[in-house]
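Residue numbers (my numbering): 87 to 349. A virtual CB, placed ideally from N, CA and C, is assigned to each residue, including glycine. Inspection log for the structure reproduced underneath, given as structure tokens.
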Ligand SMILES: Nc1ncnc2c1ncn2[C@@H]1O[C@H](COP(=O)(O)OP(=O)(O)O)[C@@H](O)[C@H]1O
Ligand SMILES: [Mg+2]
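As structure tokens, then:
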């Protein structure tokens with residue numbers, strides 16, 4: 087996912103110039119509507135011609151047509167550390183799947199400490215997965231239909247109990263069983279906390295069909311990558327994404343400390 091950010095910046099500045107040339111009353115091209123409706127980081131929608139969007143199509147193809155074994159339906163996105171692009175990948179992969187002709191996607195935010203999915207998709211985080219796990223709400227009441235056709239979201243929800251204990255709870259295992267039984271027509275994409283920081287993420291890996299591991303290209307230490315993959319279970323890891331987006335890394339130290347503080 088090399089020069090993802092460069093392509094995005096270029097695309098957006100080109101589009102800004104185009105937008106200025108349009109008179110206000112003619113500002114109803116499809117491009118403009120999409121631009122205002124979605125978070126610009128949802129590149130598969132806002133910059134469909136970019137290299138990044140193309141990379142998500144390739145990733146989707148690899149999920150739909152695995153080299154061997156059945157198609158993974160429940161897929162978790164994780165990485166060793168915060169700020170490596172997990173939420174970016176999870177949201178774009180889910181949106182990319184939902185853009186297909188027949189496929190439905192459900193995007194689940196399991197990062198209780200730094201939930202992001204509701205922000206990217208522009209929905210409320212008042213109630214979500216944590217309300218399900220604490221028995222306050224049924225799953226159907228918590229699923230949100232997004233403005234993207236065929237994409238639903240289960241946000242993290244406001245914390246009401248110790249996040250790490252919820253992640254490892256038996257309710258979580260039941261949830262994934264329910265996904266497989268009731269929502270077997272959907273791909274379930276799960277955004278998580280960093281697995282090297284929050285060890286319960288490794289338990290979560292047992293409940294999904296496969297794991298995609300995000301690496302900050304040239305930054306995540308090799309040894310940590312190996313250790314993290316071992317802890318998640320090698321057989322579960324579908325592949326590694328090398329994210330070349332360097333801006334994300336700047337915030338790394340601060341977030342890393344914050345995770346520990348709240349843990
Ligand atoms: N490839 C990328 N292109 C553009 N922005 C990115 C990319 N990867 C990450 N980002 C941005 O970097 C920041 C951190 O990424 P995020 O997905 O929230 O990390 P994580 O979920 O691993 O903590 C976010 O603002 C995100 O939008
Ligand atoms: Mg995140």
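Residue i: first and last residue of the uninterrupted alpha helix (DSSP H) it sits in
i	result
residue 269	It is not in any alpha helix (DSSP H) - residue 269 carries neither H nor E in the DSSP assignment.
residue 324	No alpha helix (DSSP H) contains residue 324, which is instead part of the beta strand (DSSP E) from 323–329.
residue 174	172–184
residue 314	308–318
residue 224	Here residue 224 belongs to no alpha helix (DSSP H), and DSSP marks it neither H nor E.
residue 148	137–150
residue 206	203–207
Per DSSP, cross-strand counterpart(s) of residue i
i	result
residue 231	238
residue 190	272
residue 195	277
residue 257	For residue 257, which the question treats as bridged, DSSP gives no partner whatsoever.
Where residue i sits in the DSSP three-state scheme
i	result
residue 126	coil
residue 278	coil
residue 296	strand
residue 283	coil
residue 332	coil
residue 114	Bear in mind that the predicted position of residue 114 carries a pLDDT of just 38, short of 50, making it unreliable; the figure below should be weighed with that in mind. It is coil, neither helix nor strand.
Start and end residues, beta strand (DSSP E) containing residue i
i	result
residue 163	160–165
Contact belief for residue i with residue j at Cβ below 8 Å, rounded distance in angstroms
i	j	result
residue 130	residue 188	With 8 Å as the limit, residue 130 and residue 188 do not qualify as a contact, their Cβ atoms being about 17 Å apart.
residue 27	residue 262	Since the first residue of the chain shown is 87 and the last is 349, residue 27 is not available in this structure.
residue 275	residue 191	6 Å
residue 158	residue 270	The pair is not a contact, with the Cβ atoms about 13 Å apart (cut-off 8 Å).
residue 243	residue 214	3 Å
residue 241	residue 203	6 Å
residue 423	residue 160	An answer regarding residue 423 cannot be provided, because it is not within the stretch 87 to 349 covered by the chain.
residue 249	residue 168	Wrong, their Cβ atoms sit about 14 Å apart, outside the cutoff.
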